[in-house]
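The sequence shown runs 1 to 156 under UniProt numbering.
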Amino acid sequence: MLGCWLSSFSKADKMTGLNAAEIVMFQDNIVVYKFVQDLHFFVTGGDHENELLLAAVLQGFFDAVTLLLRNSVDKREALENLDLIFLCLDEIVDQGIILETDPSVIAGKVAIHSMDGAAPLAEQELGHSSMFFLEVQTISQALATAREHLTRTLLT
1 MLGCWLSSFS
11 KADKMTGLNA
21 AEIVMFQDNI
31 VVYKFVQDLH
41 FFVTGGDHEN
51 ELLLAAVLQG
61 FFDAVTLLLR
71 NSVDKREALE
81 NLDLIFLCLD
91 EIVDQGIILE
101 TDPSVIAGKV
111 AIHSMDGAAP
121 LAEQELGHSS
131 MFFLEVQTIS
141 QALATAREHL
151 TRTLLT
């Protein structure tokens, strides 16, 4: 059933030629989707969710992936960098709660995680200067220090 549904939307998208996100209701769920080349991006939510918020999540995710894959969003690049895509999802949503939709913030956090883990992204450039990553890392270190200080203060 889902395969038939995907097929019909894929055909409809090819007919219109648009790369814009679309919103539909499917089995009491709101589905926001976007097809780009040979990739299909979906965000789903309950029928009580805000469609615009789901569309913002999808656009933020897509733009962050585009930044991380250096504007080469296709199936081969996505499969080669699947770890980065999963990190993007992890930065956007935690247990169904939307944390971030700004693509540059998402890509920056993923880049920091990747540099810490010695992932291949350390060799890539995201179109930002390396100073950006140093500033973000310094801010995250400052927040970690403040959190530790606050925790010690509350526990004593």
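Each residue gets a CB set at the ideal place from its N, CA and C atoms; glycine is no exception.
Buried versus exposed, by CB contacts within 10 Å (16 or more), residue i
i	result
Val32	buried
Ser114	buried
Thr44	exposed
Ile97	exposed
Thr151	exposed
Cβ neighbours of residue i in the same chain (closer than 7 angstroms, five flanking residues each side left out)
i	result
Ile85	Val65, Ala78
Check whether residue i and residue j have beta carbons under 8 angstroms apart
i	j	result
Ile92	Gly60	yes
Cys88	Val105	no
Presumed contact (8 angstroms Cβ cut-off) between residue i and residue j, rounded CB distance
i	j	result
Asp63	Asp38	Going by Cβ atoms, the distance from Asp63 to Asp38 rounds to 19 angstroms, so no, they are not a contact pair.
Phe41	Leu58	6 angstroms
Leu68	Asn81	7 angstroms
Glu51	Ile23	5 angstroms
6 angstroms Cβ shell around residue i - same chain, five flanking residues per side excluded
i	result
Ala21	Val32, Lys34, Ala55, Leu58
Thr101	Ala56, Val57, Gly60
Asn29	Thr44
Ala107	Ala64, Leu67, Leu68, Leu126
Leu53	none
Per DSSP, cross-strand counterpart(s) of residue i
i	result
Gly46	Asn29
Val24	Val31
His113	Partner(s): none; His113 has no beta bridge.
8 angstroms Cβ shell around residue i - same chain, five flanking residues per side excluded
i	result
Arg147	none
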